[in-house]
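Asks:
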Amino acid sequence: MNSPKKPTYIDLFAGCGGLSLGLYRAGWHGLFAIEKDTMAFGTLKHNLIDKKEHFTWPDWLPQNELEIKDVLSKYKKELSELSGKVDLVVGGPPCQGFSMAGKRNEGDMRNKLIDSYIDFVKLVRPRMIFFENVKGFTVGFKKGEIRGDAYSKHVIKSLGDLGYNVDWKVLDFSEYGVPQRRKRFILVGVLGGDVNKFFELLNLNRKQFLSDNKLLQKCTLKAALSDLYQANGIVDSPDSKNFKAGIYSSPKSNYQKLMRSGGDIPKIPDSHRFAKHGEETVKLFQTLLKKAEKGKRIDGDERLKYGLKKRGITVLGEDLSSPTLTTHPDDYVHYLEPRILTVREYARIQSFPDWFEIRGKYTTGGKQRVKEVPRYTQLGNAIPPLFGEQAGRVLKKL
Numbered sequence: 013m014n015s016p017k018k019p020t021y022i023d024l025f026a027g028c029g030g031l032s033l034g035l036y037r038a039g040w041h042g043l044f045a046i047e048k049d050t051m052a053f054g055t056l057k058h059n060l061i062d063k064k065e066h067f068t069w070p071d072w073l074p075q076n077e078l079e080i081k082d083v084l085s086k087y088k089k090e091l092s093e094l095s096g097k098v099d100l101v102v103g104g105p106p107c108q109g110f111s112m113a114g115k116r117n118e119g120d121m122r123n124k125l126i127d128s129y130i131d132f133v134k135l136v137r138p139r140m141i142f143f144e145n146v147k148g149f150t151v152g153f154k155k156g157e158i159r160g161d162a163y164s165k166h167v168i169k170s171l172g173d174l175g176y177n178v179d180w181k182v183l184d185f186s187e188y189g190v191p192q193r194r195k196r197f198i199l200v201g202v203l204g205g206d207v208n209k210f211f212e213l214l215n216l217n218r219k220q221f222l223s224d225n226k227l228l229q230k231c232t233l234k235a236a237l238s239d240l241y242q243a244n245g246i247v248d249s250p251d252s253k254n255f256k257a258g259i260y261s262s263p264k265s266n267y268q269k270l271m272r273s274g275g276d277i278p279k280i281p282d283s284h285r286f287a288k289h290g291e292e293t294v295k296l297f298q299t300l301l302k303k304a305e306k307g308k309r310i311d312g313d314e315r316l317k318y319g320l321k322k323r324g325i326t327v328l329g330e331d332l333s334s335p336t337l338t339t340h341p342d343d344y345v346h347y348l349e350p351r352i353l354t355v356r357e358y359a360r361i362q363s364f365p366d367w368f369e370i371r372g373k374y375t376t377g378g379k380q381r382v383k384e385v386p387r388y389t390q391l392g393n394a395i396p397p398l399f400g401e402q403a404g405r406v407l408k409k410l
């Protein structure tokens, strides 16, 4: 299974493939990826398996959506045989239970998937690990007035017991060319080796990486999205009956040129379907664009000023980066046009190139919301590939 030329990795909780895409661009070779959602795995498979043939994929493992617990129980022998033969295991267990933006819940069953991650590392014993989670992962849960230990401590101790030297930091991806203020807990571990250089090298390499790609360290939303305006013209959506989609203008920035390179770009941007807003909603958005402070969330009593019914909303600013994208597209108003963002605009803000096509439903609601991972959710959960590529280059040096 080992590629003779490229270092190898396994992606756990892979989602739609943001980190795998970054590692692909950094010269890594994927052995396989584990993702339990059908739609998210469909996106990863379409782009990185079918299009790019990036994963070897072992004969013993089905090439479809899989639960990590099932893989651990059914394929324990096969995983044990990989022990010491894999360079890197990456991934971040689902973060909803730890997120400071949602309802923090220590009893959220998804939190227990961290133990599955550690069990997997214990079996495979890769040379290195790369672990990502929300900033809230470093903050313990409160019980009354007492705050318990953060889950990050549990992970660090467990990995230390397995012989890994670890280092971690909370990083803001907007400092790595991504047009989004997205802070994440990043942990790197090396089996019996020196890990201390990772963050130092990541910082040192950033300037050269951005220069090579003709990118600014801080990318604005205008630089990311100004070739995707609705004002460019509209056509019938290629994948949704009775919906309209946008078309390209010429690229207006080096970031846009980069996003439109590296593969076949469809004539009509993929997943660039516009929402159908009612007349009242459009009027509200027009008012917000005129009067609301850009980049600042409207919540609390301030909502009354505009007659807002939802918990909060942010009007984006063209000369700002985006706040952290959530899985709810109606949390944001486009900085210039009275509408929410399209899936393709979400992808751009997360630094997915335009050849990378998003699969599955656009949105979901009701009880299905906790079960399904439609297009906006796939992107809201992803690690920006532009950061993944920079991390991948440094991990190669280690």
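Numbering (our numbering), first residue to last: 13 to 410. Where a beta carbon is used, it is the ideal one built from N, C-alpha and C, also for glycine.
Compare the beta carbon distance of proline 105 and tyrosine 129 with 8 Å and say whether it is the shorter of the two.
Replies: Going by C-beta atoms, proline 105 is nearer than 8 Å to tyrosine 129.
Asks: On the DSSP bridge assignment, give the partners of threonine 389 in chain order.
Replies: Bridge partners of threonine 389: none, in fact.
Asks: If you draw a straight line from the alpha carbon of leucine 337 to that of phenylalanine 364, how long is it in whole angstroms?
Replies: Going from the Cα of leucine 337 to the Cα of phenylalanine 364 covers about 14 Å.
Asks: Is arginine 323 buried or exposed, if buried means 16 or more other CB atoms sit within 10 Å of its CB?
Replies: Exposed: under 16 other Cβ atoms inside 10 Å.
Asks: Are the stretch 32 to 43 and the stretch 390 to 401 touching, with three or more C-beta to C-beta distances below 8 Å?
Replies: Yes, they touch.
Asks: Tell whether a beta-carbon distance below 8 Å holds between leucine 328 and valine 345.
Replies: Cβ distance < 8 Å, so leucine 328 and valine 345 count as in contact.
Asks: Does the stretch 37 to 46 come into contact with the stretch 400 to 409, if we say contact requires no fewer than three beta-carbon pairs (one atom in each stretch) closer than 8 Å?
Replies: Short answer: they touch.
Asks: How big is the Cα-Cα spacing for histidine 372 and threonine 55?
Replies: One point to set straight first is that residue 372 is glycine, not histidine, in the sequence displayed. Spanning the two alpha carbons is a distance of roughly 8 Å.
Asks: Candidates Tyr21, Asn177, Trp180 and Asp49: which alpha carbon is nearest asparagine 393's?
Replies: The option with the nearest alpha carbon to asparagine 393 is Asp49.
Asks: CB leucine 199 to CB valine 178, shorter than 8 Å?
Replies: A contact, by the Cβ cut-off of 8 Å.
Asks: Determine whether the beta carbon atoms of lysine 317 and tyrosine 347 lie at a separation below 8 Å.
Replies: Not a contact, by the Cβ cut-off of 8 Å.
Asks: Kindly identify the DSSP beta-bridge partner or partners of aspartate 248.
Replies: Aspartate 248 pairs with Lys256.
Asks: Could you pull out every residue in the same chain whose Cβ sits closer than 6 Å to the Cβ of isoleucine 370, ignoring the five residues on either side in sequence?
Replies: Thr55, Ser283, Val355 and Arg387, listed in sequence order.
Asks: Need the endpoints of the alpha helix (DSSP H) that arginine 315 sits in, please.
Replies: That run of the alpha helix (DSSP H) goes 314 to 318.
Asks: Identify, in the order they occur along the chain, each residue of the same chain with its Cβ nearer than 7 Å to the Cβ of valine 406, setting aside the five sequence neighbours on each side.
Replies: Only Phe210, Leu213, Leu214 and Asn217 meet the Cβ criterion.
Asks: Can you check whether the CB of phenylalanine 197 is closer than 8 Å to the CB of lysine 147?
Replies: Cβ distance < 8 Å, so lysine 147 and phenylalanine 197 count as in contact.
Asks: Rounding to the nearest angstrom, what Cα-Cα distance links glutamate 77 and valine 207 in this structure?
Replies: Glutamate 77 and valine 207: Cα-Cα distance of roughly 32 Å.
Asks: What distance in whole Å lies between the Cβ atoms of glutamate 357 and glycine 237, which are believed to be in contact at a cut-off of 8 Å?
Replies: It is leucine, not glycine, that sits at residue 237 in the sequence shown. That belief holds up - the Cβ atoms of leucine 237 and glutamate 357 are roughly 5 Å apart, short of 8 Å.
Asks: Please report the straight-line C-alpha distance between aspartate 173 and glycine 201, rounded to a whole angstrom.
Replies: Going from the Cα of aspartate 173 to the Cα of glycine 201 covers about 12 Å.
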